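Colleague: I have a structure here, written as structure tokens, and I will follow up with some questions on it.
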Amino acid sequence: QQPVQSPQAVILREGEDAVINCSSSKALYSVHWYRQKHGEAPVFLMILLKGGEQKGHEKISASFNEKKQQSSLYLTASQLSYSGTYFCGARNSGGYQKVTFGIGTKLQVIP
Amino acid sequence: DGGITQSPKYLFRKEGQNVTLSCEQNLNHDAMYWYRQDPGQGLRLIYYSQIVNDFQKGDIAEGYSVSREKKESFPLTVTSAQKNPTAFYLCASRDPYGRTNTGELFFGEGSRLTVL
């Protein structure tokens, strides 16, 4: 039932771009994106809602394809501070407030 | 300042003992969640609660119990039935109706439980 993320890990040089994908086997009501630094709590980046509404981080963009039950997070002109593990959280359609997460994508940005 | 407080931050217990992790929020959020984090496995949902006196099992509820007697509090008990309890535990809350924010999860700082 967990959403599936890809890739599992990626290494970038500063200034390069990356895309992280998230897909669900069930219909999605909303998708959340978070970044976690080692030993810390996850930090909210963006939420994408059914119907096309997006709210979140100014420098990070994302897409949500409801029909394909997929979301992608776009990191452009990466900075060292972008390093961490990125998680997508899925709230599936069907009523209750359950939010489940993928296993994460570990991103390392090097100078 | 509004937020979520988890305690204790670190906890050591002997095998076979029950342990209760505290989670308190002053954000006036209706929904609260407990996740377990192990290396390489992401965040796995243990229990969640939409309102007071109501909670639902997540994907890995076996060996855990919760209560939601007050809106602000959602304690998690790790029982002796949990076969591998050593992990990092994260509590979160959200406003499911998006009245005060975007409806995202607000996480506590986590509790690291080690069973010896």
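Residue numbers (our numbering), protein chains in the order written: chain A, 5 to 115; chain B, 29 to 144.
Glycine residues also receive a C-beta, built at the ideal position from the N, C-alpha and C atoms.
All values reported here derive from a predicted model rather than from experimental measurement.
Sort B:L71, B:E52, B:Q110 by Cα distance to B:Y92 and report the nearest one.
Modeller: That would be B:Q110, whose Cα lies nearest to the Cα of B:Y92.
Colleague: With 8 Å set as the bound, which would you pick, yes or no: does the beta-carbon of B:E100 sit closer than that to a beta-carbon of chain A?
Modeller: With 8 Å as the cut-off, B:E100 does not count as an interface residue toward chain A.
Colleague: Hey, would you say A:Q40 sits closer than 8 Å to A:F91, going by beta carbons?
Modeller: Their beta carbons are under 8 Å apart, which means A:Q40 touches A:F91 by this criterion.
Colleague: Does any residue of chain B have a CB that is nearer than 8 Å to the CB of A:A45?
Modeller: It does: the Cβ of A:A45 has a partner Cβ on chain B nearer than 8 Å.
Colleague: In chain B, which residues lie less than 8 Å from A:I51 when you measure between Cβ atoms?
Modeller: Chain B residues near A:I51: T130, G131, E132.
Colleague: Taking all protein chains shown into account, do 16 or more other C-beta atoms lie within 10 angstroms of the C-beta of A:P3, making it buried, or fewer, making it exposed?
Modeller: With chain A running from 5 to 115 in the structure shown, residue 3 of chain A is simply not present.
Colleague: Looking at the strands, I want to know which residues DSSP matches up with B:Q65.
Modeller: BP columns for B:Q65 point to B:L71, B:F116.
Colleague: Assign B:L144 to one of three DSSP states: helix, strand, or coil.
Modeller: Coil.
Colleague: Assuming A:Y33 and A:R95 make a contact with CB atoms under 8 Å, what is their CB distance in whole Å?
Modeller: The pair is a contact, with the Cβ atoms about 5 Å apart (cut-off 8 Å).
Colleague: Spatial neighbours of B:D82 within its chain, please: C-beta separation below 7 Å, excluding the five flanking residues on both sides.
Modeller: The residues are R96.
Colleague: By the 9 Å beta-carbon criterion, what residues does the segment 76-105 of chain A contribute toward chain B?
Modeller: Within the segment 76-105 of chain A, the residues whose Cβ lies closer than 9 Å to some Cβ of chain B are T89, F91, G93, R95, Y100, Q101, K102, V103, T104, F105, listed in chain order.
Colleague: Is A:Y86 helix, strand or coil when you go by DSSP?
Modeller: Looking at A:Y86 - three-state DSSP - the assignment turns out to be helix.
Colleague: For A:L77, which of helix, strand or coil comes out of DSSP?
Modeller: The answer is strand: DSSP assigns A:L77 an E or B state.
Colleague: For A:Y86, which residues from the same chain have a beta carbon less than 7 Å from its beta carbon, with the 5 sequence-adjacent residues on both sides left out?
Modeller: Cβ within range, chain order: L79, L111, V113.
Colleague: Is the number of C-beta pairs between the segment 128-144 of chain B and the segment 111-118 of chain B that are closer than 8 Å three or more?
Modeller: Yes, the segment 128-144 of chain B is in contact with the segment 111-118 of chain B.
Colleague: Helix or strand or just coil, what does DSSP make of A:H36?
Modeller: A:H36: strand per DSSP, three-state reduction.
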